[in-house]
Each structure stands twice: as C-alpha cells, then as structure tokens.
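Sequential numbering from 19 applies to the sequence shown in my numbering.
These notes are about the structure you will find just below.
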Amino acid sequence: MAEIAEPAAEVESSCDEVRSILSRVGEKWAPQVMSELHSGPRRFNELLRLVAPITPRMLTVTLRGLESDGLITRTVHPTVPPQVEYGLTRAGRKLFGIVSAVVGWTDENLAAVHAARAAYKTTNG
C-alpha cells in the first residue's frame, strides 16, 4: 500500500515548531541552565553562581524563555523574603535527555566536523 505524503503546509508547520524548540535550547545559556536544574531545583542566585559568567539579566531572560515554553517551573515559597526556586518540568527533563545526547554526539564528532569544514573551505573557498 502506498504511503500518503503529508501536505507541504503540515510539514512546514511542524518544521517551524521544531525550529522554535531548537532555537530555545540552542540559546547560549539554556543548556547549562537546564543541566544545573537537572540535579534538582535551584534558586536564582545559586544558578547565577553555577552558570558563571552569565549576567543576572541574561539569567532572567533565559529562565523566562524556558518557563514560557513549559520546560521549567518557577515556584514562589511564601517566606519573608519570598524564596523562588526553578526546576525542570517533565517535558524539560525529557528534552534535557535529548540535549545531553547532542552534547555527547558533539564530543564524539567535533574533530570530524572541524576536518570536514576545513576540507570544504579548501575545496570551495
């Protein structure tokens, strides 16, 4: 039986969604923030120390982006002063596993990628 091809609009829409998620986890600090949260909830200043040299502003932007995509939670504890903790959601933990696999692939293949780039540049200018 012949396989029915997906309409181009559906494929494009799906690609846009994938690009959106890849863009988020490809941001400069997101993988490191997710890595630190993988071991458990952390407070803002703790993340600031662990993800050095990130600035407080960039940490805030990164956390808000990850939270808006449902990859982390922000929990405010009713203390004086209020304590805020960030942690990975179930979706964030699953995505972190994929990001970790990409990091492993990069470690294993980076030399070959650099060699291919150099060869391409030599051949194609």
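For each residue, glycine too, the CB sits at the ideal point set by N, CA and C.
Note that the structure is a prediction, hence the values are computed from the model and not measured.
From the listed residues I39, V51 and S32, the smallest Cα separation to Y104 is found for V51.
In its chain, beyond the 5 residues on either side, G88 and L89 have a beta carbon closer than 7 Å to the beta carbon of A109.
A direct Cα-Cα distance of roughly 30 Å separates L77 from V131.
Linking E126 to P100 through their CA atoms gives a straight-line distance of about 44 Å. By the neighbour-count criterion, in which 16 or more other beta carbons inside 10 Å mark a residue as buried, I116 falls on the exposed side. By a beta-carbon distance limit of 8 Å, L66 contacts P74. Their separation comes to about 6 Å. Its chain contains Q101, V102 and E103 as the residues whose beta carbon lies nearer than 7 Å to that of R61, once the 5 sequence neighbours on both sides are disregarded; these appear in chain order.
For E30, the three-state secondary structure derived from DSSP is helix. Per the DSSP secondary-structure output, H95 pairs in a beta bridge with Q101.
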